[in-house]
Amino acid sequence: MQQSKKFYSFFILFFSLVSFAFSQVQDKNLVDEIKKSGISFYWDSLSNTGILEKNNQHLVFRPDQNFVLYNSSKIGYIDSPVITDGQIKVSQDFLSEIDDFFAVSDDSSSLKIGAIIIDPGHGGKDPGASMTHKINGKNVTVKEKDVNLTVGNMLSGMLSKAYPDKRIIMTRSTDIFLTLQQRTEIANSVKLKDDEAVLYISIHVNASLDKKAKGYEVWYLTPGYRRTVIDSKTNADPTVRNILNSMMEEEYTTESILIAKFIMDGLNAQIGSKSASRGIKAEEWFVVRNSKMPSVLIELGFLTNYEEACCLNDKAYLQKSALGIYNGISAFVTHFERSRGFTGTK
Ligand SMILES: [Zn+2]
114 MQQSKKFYSF FILFFSLVSF AFSQVQDKNL VDEIKKSGIS FYWDSLSNTG ILEKNNQHLV
174 FRPDQNFVLY NSSKIGYIDS PVITDGQIKV SQDFLSEIDD FFAVSDDSSS LKIGAIIIDP
234 GHGGKDPGAS MTHKINGKNV TVKEKDVNLT VGNMLSGMLS KAYPDKRIIM TRSTDIFLTL
294 QQRTEIANSV KLKDDEAVLY ISIHVNASLD KKAKGYEVWY LTPGYRRTVI DSKTNADPTV
354 RNILNSMMEE EYTTESILIA KFIMDGLNAQ IGSKSASRGI KAEEWFVVRN SKMPSVLIEL
414 GFLTNYEEAC CLNDKAYLQK SALGIYNGIS AFVTHFERSR GFTGTK
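Heads up: the sequence shown begins at 114 in the numbering used here, then just goes up one per residue.
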């Protein structure tokens, strides 16, 4: 009896020592560590949220929260990452957890992209930006609404061909005027099955008083609206539920960030040598603010810049731009349909 008690105490001591030795110290620099594993990292400073992505899977974390969201659907408990000296520090356990997660591929796909809405900005009485340049000895007025429509129609053609099972919807396919309200209504009126999601892609062209300004940008929507994603029946205490809700809400943004990233990669590959990336940007106002869908807005270039206006006036260049966007969407569709999609609470 005495012996076993001693043994028991020894065990407690042993395990306390072991757990002390392995107690999780956040001493690893996350960004450095994941580079070794080929995991990409994106930090959204607006929402104070980090996204890790590899092999079409992703997880979302926040500093000082001891849980992460896997593929927008599964909650995992993990040592909280912390921010020290401007760096994200995590424990060895955190790194092992994410390595395990990314090592296993998730084939439990159930959500599909049911529809892709292409929104060529402006139209009709609203030309958007416009400027007249002397191109090949002729005065040419490059109008944003025309460029947007041409690229939109090209993109629609590519997507329809590649995805005959998805609805490819144009907010306008001719030179007509639509209010922002009408565009939002078109987006929100798309009927979807329970297992379907929709993407919203808006196409624009930039202008600036600075004639030197050039390059393309991809903007994503941040949630300017509040919504309860996890309902009260979810088995979590109210405090955790609230935090989870705000993280799930970020998930809608996460998908937008990911398409933005994929489209940016696509554009870099197609037109990066002629133009230049101005990066991925976030905006709270947006044409589809009320839509519950991953949404991005692409600014294809500056028609106030002479060289870029020449490009935007060239069909072959627009075809490349459309292809870049198409490749980005197509990479996202693969990602989304493999990783179950963003409405994982269903
Ligand atoms: Zn515009």
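For each residue, glycine too, the CB sits at the ideal point set by N, CA and C.
Computed from a predicted structure; not experimentally measured.
- Query: In chain order, what residues of the same chain have a beta carbon less than 8 Å from the beta carbon of K202, not counting five sequence neighbours either side?
  - Reply: To locate residue 202, count along the sequence shown from 1; it is residue 89. Answer for K202: Q139, D140, K141, N142, L143, P194, V195, I196, listed in chain order.
- Message: Does the distance between the C-beta of G265 and the nearest non-hydrogen atom of ligand 1 fall short of 7 Å?
- Response: Position 152 of the sequence shown holds residue 265. False, no ligand heavy atom lies under 7 Å from that Cβ.
- From G392, N319, S408, residue whose alpha carbon lies closest to that of R296: Your numbering for residue 296 matches position 183 in the sequence shown. Looking at the Cα atoms, S408 is the closest of the given residues.
- Query: Between I442, S160, G189, which lies nearest to L410 when the distance is taken from Cα to Cα?
  - Reply: Residue mapping note: residue 410 aligns to position 297 of the sequence shown, counting from 1. Selected option, being the one with the closest Cα: I442.
- Item | Any residue whose CB is nearer than 6 Å to a heavy atom belonging to ligand 1, listed in chain order | G234, H235, G241, E257, H317
- Query: Are H171 and Y419 closer than 8 Å when you measure CB to CB?
  - Reply: Counting from 1 along the sequence shown, the entry for residue 171 is found at position 58. Counting from 1 along the sequence shown, the entry for residue 419 is found at position 306. Cβ atoms of H171 and Y419: not closer than 8 Å.
- Check M406 in the structure and name its three-state DSSP category. For this step, residue 406 is matched to residue 293 along the sequence shown. Here M406 sits in coil by DSSP.
- Query: Can you list, in chain order, the residues of its chain whose CB lies under 6 Å from that of T210, leaving out five sequence neighbours each side?
  - Reply: Position 97 of the sequence shown, counted from the start, is the residue given in the question as residue 210. For clarity, residue 210 is Glu in the given sequence; the question names Thr instead. Closer than 6 Å at the Cβ level, and outside the excluded window around E210, lie I191.
- Sequence ranges, alpha helix (DSSP H) only - wholly within the segment 139-225, length at least 4: 143-149, 205-216
- Message: Under DSSP, the alpha helix (DSSP H) around N301 begins and ends at which residues?
- Response: Numbered from 1 along the sequence shown, position 188 holds the residue referred to as residue 301. Start and end: 293-301.
- Can you grab the Cα-Cα spacing for the pair I226 / Q200, in whole Å? Sequence index remark: in the sequence shown, residue 226 carries index 113 (1-based). Sequence index remark: in the sequence shown, residue 200 carries index 87 (1-based). Their backbone Cα atoms lie some 36 Å apart in a straight line.
- Query: Excluding the five sequence neighbours on either side, which residues of its own chain have a C-beta within less than 7 Å of the C-beta of K428, listed in chain order?
  - Reply: In the sequence shown, residue 428 corresponds to position 315, counting from 1. Hits under 7 Å: none found.
- Which whole-angstrom value is the C-beta distance of Y329 and S390, which I expect to be below 8 Å? Against the sequence shown, residue 329 aligns to sequence position 216. Against the sequence shown, residue 390 aligns to sequence position 277. Between S390 and Y329 the Cβ distance is about 6 Å, and since that is below 8 Å, they are a contact.
- For N266, I'd like the list of residues in its chain whose CB is within less than 7 Å of its CB, leaving aside the five on either flank, ordered along the chain. Taking the sequence shown and counting its residues from 1, one reaches residue 266 at position 153. Contacts found: S286.
- Message: Give me, in chain order, the residues of the same chain whose beta-carbon lies closer than 6 Å to that of Y338; leave out the 5 immediate sequence neighbours on both sides.
- Response: Here the question's residue 338 lines up with position 225 in the sequence shown. Residue confidence for Y338 is low, a pLDDT of 44 falling below 50, so the modelled location carries little weight and cannot support an answer.
- Message: Taking its Cβ as the centre, do 16 or more other Cβ atoms sit within 10 Å of T447, making it buried, or is it exposed?
- Response: Mapped onto the sequence shown, residue 447 falls at position 334. Flag for T447 reads exposed.
- Query: Is S390 helix, strand or coil by DSSP?
  - Reply: To locate residue 390, count along the sequence shown from 1; it is residue 277. Strand, per DSSP.
- For M283 and Y276, the rounded distance between their alpha carbons: As a position in the sequence shown, residue 276 is number 163, starting the count at 1. As a position in the sequence shown, residue 283 is number 170, starting the count at 1. Distance between the alpha carbons of Y276 and M283: 15 Å.
- Item | C-beta contact flag for L436 and L425 at 8 Å | By 1-based counting over the sequence shown, the position of residue 436 is 323. By 1-based counting over the sequence shown, the position of residue 425 is 312. No; because the gap between Cβ atoms is not below 8 Å, this pair is not in contact.
- Task: Apply the 10 Å Cβ neighbour rule to N261 and answer buried if 16 or more other Cβ atoms are within range, or exposed otherwise.
- Result: For this step, residue 261 is matched to residue 148 along the sequence shown. With 16 or more Cβ atoms within 10 Å of its Cβ, N261 is classed as buried.
- Query: Which same chain residues, not among the five before or five after E450, have their C-beta less than 8 Å away from its C-beta?
  - Reply: On the sequence shown, position 337 is the one that residue 450 refers to. The answer, listed in chain order, is S222, L224, K225, I226.
- Is it the case that the Cβ atoms of D288 and G241 are separated by a distance below 8 Å? Counting from one through the sequence shown, the residue named residue 288 turns up at place 175. Counting from one through the sequence shown, the residue named residue 241 turns up at place 128. Not in contact: D288 and G241 (Cβ atoms no closer than 8 Å).
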